[in-house]
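Under the numbering used here, the sequence shown has 98 at position 46, and the numbering climbs by one with no breaks.
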Amino acid sequence: MAWKIVGGAAALLLIVLGGLAVATNGEPDRTAAFAEYRRPLAIPFPDDNPFQAAKAELGRTLFFEPALSRDGDRTCATCHIPGKDWTDSNPRALRNDGGVMDFRTPTLLNIAWIETIFGWDGKFRGLETVARLPLTASGNMNMPPEEMVRRLSTDPNYVAAFAKAFPEPVAEGGPVTQERIEQALATFQRLIVSGPAPFDRWVEGDVHALNPAAKRGFDLFNGKANCAACHSGWNFTDGSFHDVGVAGEGALGRGKFFPNSTALRHAFKTPTLRNVARRPPYMHDGSLATLAEVVDLYDRGGIDRPSRSRDIRPLHLSAREKADLIAFMESLDDNGAEGPAYQPIGPEPPRP
Numbered sequence: 053m054a055w056k057i058v059g060g061a062a063a064l065l066l067i068v069l070g071g072l073a074v075a076t077n078g079e080p081d082r083t084a085a086f087a088e089y090r091r092p093l094a095i096p097f098p099d100d101n102p103f104q105a106a107k108a109e110l111g112r113t114l115f116f117e118p119a120l121s122r123d124g125d126r127t128c129a130t131c132h133i134p135g136k137d138w139t140d141s142n143p144r145a146l147r148n149d150g151g152v153m154d155f156r157t158p159t160l161l162n163i164a165w166i167e168t169i170f171g172w173d174g175k176f177r178g179l180e181t182v183a184r185l186p187l188t189a190s191g192n193m194n195m196p197p198e199e200m201v202r203r204l205s206t207d208p209n210y211v212a213a214f215a216k217a218f219p220e221p222v223a224e225g226g227p228v229t230q231e232r233i234e235q236a237l238a239t240f241q242r243l244i245v246s247g248p249a250p251f252d253r254w255v256e257g258d259v260h261a262l263n264p265a266a267k268r269g270f271d272l273f274n275g276k277a278n279c280a281a282c283h284s285g286w287n288f289t290d291g292s293f294h295d296v297g298v299a300g301e302g303a304l305g306r307g308k309f310f311p312n313s314t315a316l317r318h319a320f321k322t323p324t325l326r327n328v329a330r331r332p333p334y335m336h337d338g339s340l341a342t343l344a345e346v347v348d349l350y351d352r353g354g355i356d357r358p359s360r361s362r363d364i365r366p367l368h369l370s371a372r373e374k375a376d377l378i379a380f381m382e383s384l385d386d387n388g389a390e391g392p393a394y395q396p397i398g399p400e401p402p403r404p
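As structure tokens, this is what we get:
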């Protein structure tokens, strides 16, 4: 039998026996898998709305500004609460009239890495326009765009802040416009980044950062449980839409916009799993209270219907395997209240 000893970046010796690499500590070689999960080195900003410190600080102020709601009783942070990982704890978002909205409040964590289409059902095109509907919707902030611009334009501090953030002149009127409000909010929201978690330290070579259960959970996540089919990459989402078999025949998801597509019926956006253990309840409708319930849903394969994703099927997990998956997901939680959105903003784009 051929064998050889191989040195790794983490100074971990591997013995290759018959083509299968096994670490000398008895664990599998996860080098290739780790490459898919390393944190990025920079936050992406689009060419048509580049990072600018004054713009980001303006967006931060606007995010917490009650004057953007018609009655002055709501802000973006009413639902996207910083201390709750930029979501809330309600099964579905609360309306301003005491009712509830169709979906759970999505987290804004790592939204800079989401591609073009946003929202549980994909009704938003581009982060720069995501704020438009919540700001103007009658059940949310209920603010007519012209009134929003008028209010901010009568505040000398905002006029100065917009002029600094957007030094280029506008065709007519003052520096405050609806488009600039949206661009400033989007710039700030791209700074909302989850911090390093125990999982990240493990990926970078700290073999003691995760306990054995979490390590087994990672292997299940990428193997038997096939979670990585949708929850892929460092942000643990493919940014796409899938029917995972959650109950609720009336919730069409992406199928609302593509009524002739069987695959998109009941398909909802794959959420990030960063800080997921701190963000119950779960699913687009907040119908599952715990991670254990989420794992059980996937274990039984959800509702078997024509639109159900081909990656969703009964898994037949043991009790220990379920516990291991939860232990792994818990390792994705950072220390809280850190990251660029919580820090003073300098002239250069901050790192995640």
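Beta carbons: idealized from backbone N, C-alpha and C, even for Gly.
Look up A319 in the DSSP assignment and give the residues it is bridged to. For the purposes of this step, residue 319 is identified with residue 267 of the sequence shown, where counting begins at 1. In DSSP, A319 forms a bridge with G305.
For a test of the three-state rule: what should DSSP assign to T15, helix, strand or coil? The structure shown does not extend to residue 15, since the chain is modelled only from 53 to 404, so the question has no answer here.
Beta-carbon proximity list for Y350, same chain, < 6 Å, skipping 5 on both sides: On the sequence shown, position 298 is the one that residue 350 refers to. The same chain holds no residue with a CB closer than 6 Å to that of Y350 once the five nearest residues on each side in sequence are set aside.
C-beta contact flag for G354 and G305 at 8 Å: The residue labelled residue 354 in the question sits at position 302 within the sequence shown. The residue labelled residue 305 in the question sits at position 253 within the sequence shown. No; because the gap between Cβ atoms is not below 8 Å, this pair is not in contact.
Beta-carbon separation (whole angstroms), P143 vs P333, contact threshold 8 Å: The sequence position of residue 143 within the sequence shown is 91, counting from 1. The sequence position of residue 333 within the sequence shown is 281, counting from 1. Right, the Cβ-Cβ distance comes to about 5 Å (below 8 Å), so this counts as a contact.
According to DSSP, is L146 helix, strand or coil? Numbered from its first residue, the sequence shown carries residue 146 at position 94. Strand, per DSSP.
Kindly identify the DSSP beta-bridge partner or partners of F176. Here residue 176 is taken as the residue at index 124 of the sequence shown, counted from 1. According to DSSP, which records beta bridges pairwise, F176 is partnered with F170.
Euclidean distance between Cα positions of R147 and E79: Residue mapping note: residue 147 aligns to position 95 of the sequence shown, counting from 1. Residue mapping note: residue 79 aligns to position 27 of the sequence shown, counting from 1. In this structure, the alpha-carbon of R147 lies about 50 Å from that of E79.
Hey, could you find the ends of the alpha helix (DSSP H) D110 is sitting in? By one-based count along the sequence shown, residue 110 stands at place 58. Looking at the sequence shown, residue 110 is not Asp but Leu. Start and end: 105-115.
Taking 8 Å as the threshold (C-beta atoms), are R242 and I364 in contact? Numbered from its first residue, the sequence shown carries residue 364 at position 312. Numbered from its first residue, the sequence shown carries residue 242 at position 190. No, Cβ-Cβ distance for I364 and R242 is not below 8 Å.
Ends of the alpha helix (DSSP H) at M200? The residue you call residue 200 lines up with position 148 of the sequence shown. Start and end: 197-205.
Taking DSSP's pairing of strands, which residues face I378 in a bridge? Within the sequence shown, numbered from 1, the residue matching residue 378 stands at position 326. Residue pairing from DSSP leaves I378 without any beta-bridge partner.
Nearest candidate by alpha-carbon position, reference H368, set L272, R253, I133: Position 316 of the sequence shown, counting from 1, holds the residue named residue 368. Out of L272, R253, I133, L272 has the C-alpha closest to the C-alpha of H368.
Which of the three DSSP states, helix, strand or coil, is assigned to T181? Looking up residue 181 in the sequence shown gives position 129. DSSP, read as helix, strand or coil, puts T181 in helix.
Does the segment 277-290 come close enough to the segment 389-400 that 3 or more CB-CB pairs lie under 8 Å? A contact between stretches requires three or more CB pairs, one per stretch, nearer than 8 Å, and the segment 389-400 fails this requirement with the segment 277-290.
Starting from N274, trace the alpha helix (DSSP H) in both directions and tell me its first and last residue. Reading the sequence shown from its first residue, position 222 is the one you call residue 274. 264-274 is the span of the alpha helix (DSSP H), which, as asked, contains N274.
Beta-carbon contacts of T239 that lie in its chain and below 6 Å, excluding the five residues immediately before and after: Sequence index remark: in the sequence shown, residue 239 carries index 187 (1-based). So the list reads K107, A108, G111, once near-sequence residues are dropped.
For S205, which residues from the same chain have a beta carbon less than 7 Å from its beta carbon, with the 5 sequence-adjacent residues on both sides left out? Working through the sequence shown from its first residue, we reach residue 205 at position 153. Excluding residues within five positions, the ones whose Cβ falls inside 7 Å are V211, G226, V228.
Can you find at least 3 beta carbon pairs, one from the segment 98-105 and one from the segment 392-401, that sit closer than 8 Å? By the Cβ test, the segment 98-105 is in contact with the segment 392-401, since at least three Cβ pairs between them sit closer than 8 Å.
Exposed or buried, which one is T76 when buried takes at least 16 other CB atoms within 10 Å? What you label residue 76 is simply residue 24 of the sequence shown in a count that begins at 1. Its pLDDT being 46, under 50, T76 is placed unreliably in this model, and the value from its coordinates should be taken loosely. By the neighbour-count rule (16 or more Cβ atoms within 10 Å), T76 is not buried but exposed.
Do the CB positions of D376 and R330 come within less than 8 Å of each other? Walking along the sequence shown from the start, residue 376 turns up at place 324. Walking along the sequence shown from the start, residue 330 turns up at place 278. Against a cut-off of 8 Å, the Cβ pair of R330 and D376 comes out as no contact.
Go ahead and label F270 buried or exposed: buried means 16 or more other beta carbons lie within 10 angstroms of its beta carbon, across all protein chains shown. On the sequence shown, position 218 is the one that residue 270 refers to. Buried, because 16 or more other Cβ atoms sit within 10 Å of the Cβ of F270.
Just verifying my parser: in three-state terms, what is the DSSP assignment at F214? Counting from one through the sequence shown, the residue named residue 214 turns up at place 162. Helix at F214.
Beta-carbon separation of Q230 and V201 under 8 Å? Position 178 of the sequence shown, counted from the first residue, corresponds to residue 230. Position 149 of the sequence shown, counted from the first residue, corresponds to residue 201. Yes, the Cβ-Cβ distance between Q230 and V201 is below 8 Å.
What are the start and end residues of the alpha helix (DSSP H) that includes L343? Stepping through the sequence shown from its first residue, residue 343 is reached at position 291. 343-352 is the extent of the alpha helix (DSSP H) around L343.
Are S370 and L262 close, meaning C-beta to C-beta below 8 Å? Translated into the one-based positions of the sequence shown, residue 370 becomes position 318. Translated into the one-based positions of the sequence shown, residue 262 becomes position 210. Between S370 and L262, the gap from beta carbon to beta carbon reaches 8 Å or more.
Judging by CA-CA distance, which residue of G307, L120, A217, K321 is the nearest neighbour of D290? Along the sequence shown, read from residue 1 onward, the residue named residue 290 stands at position 238. Selected option, being the one with the closest Cα: K321.
Let's test the definition: count the other Cβ atoms within 10 Å of the Cβ of L185 and tell me whether it reaches 16, buried, or not, exposed. Counting from 1 along the sequence shown, the entry for residue 185 is found at position 133. When all chains shown are included, L185 counts as exposed.
Enumerate in chain order the residues of its own chain whose CB-to-CB distance from E373 is below 7 Å, with the five nearest sequence positions on each side excluded. Residue mapping note: residue 373 aligns to position 321 of the sequence shown, counting from 1. Close CB contacts of E373 within its chain, under the 7 Å cut and outside five residues either way in sequence, are with L272 (chain order).
Do you know how far the Cα of F97 is from the Cα of L325? Counting from one through the sequence shown, the residue named residue 325 turns up at place 273. Counting from one through the sequence shown, the residue named residue 97 turns up at place 45. Computed Cα separation, rounded: 22 Å.
Quick one: what's I133 bridged to in DSSP? Position 81 of the sequence shown, counting from 1, holds the residue named residue 133. Beta-bridge pairing by DSSP links I133 to T139.
Under the three-state reduction of DSSP, which class applies to V152: helix, strand or coil? Counting from 1 along the sequence shown, the entry for residue 152 is found at position 100. Looking at V152 - three-state DSSP - the assignment turns out to be strand.
With a CB to CB cut of under 6 Å and the five nearest residues on each side skipped, what residues in its chain are close to A266? Counting from one through the sequence shown, the residue named residue 266 turns up at place 214. Contacts found: A379, F380, S383.
Inter-residue CB distance, L120 and T127 (contact presumed, cutoff 8 Å): Residue numbering aside, residue 120 sits at position 68 when the sequence shown is read from its first letter. Residue numbering aside, residue 127 sits at position 75 when the sequence shown is read from its first letter. Contact flag correct, Cβ pair sits at about 7 Å.
Check whether V259 and F86 have beta carbons under 8 Å apart: Within the sequence shown, residue 259 is the residue found at index 207, counting from 1. Within the sequence shown, residue 86 is the residue found at index 34, counting from 1. Contact: no.
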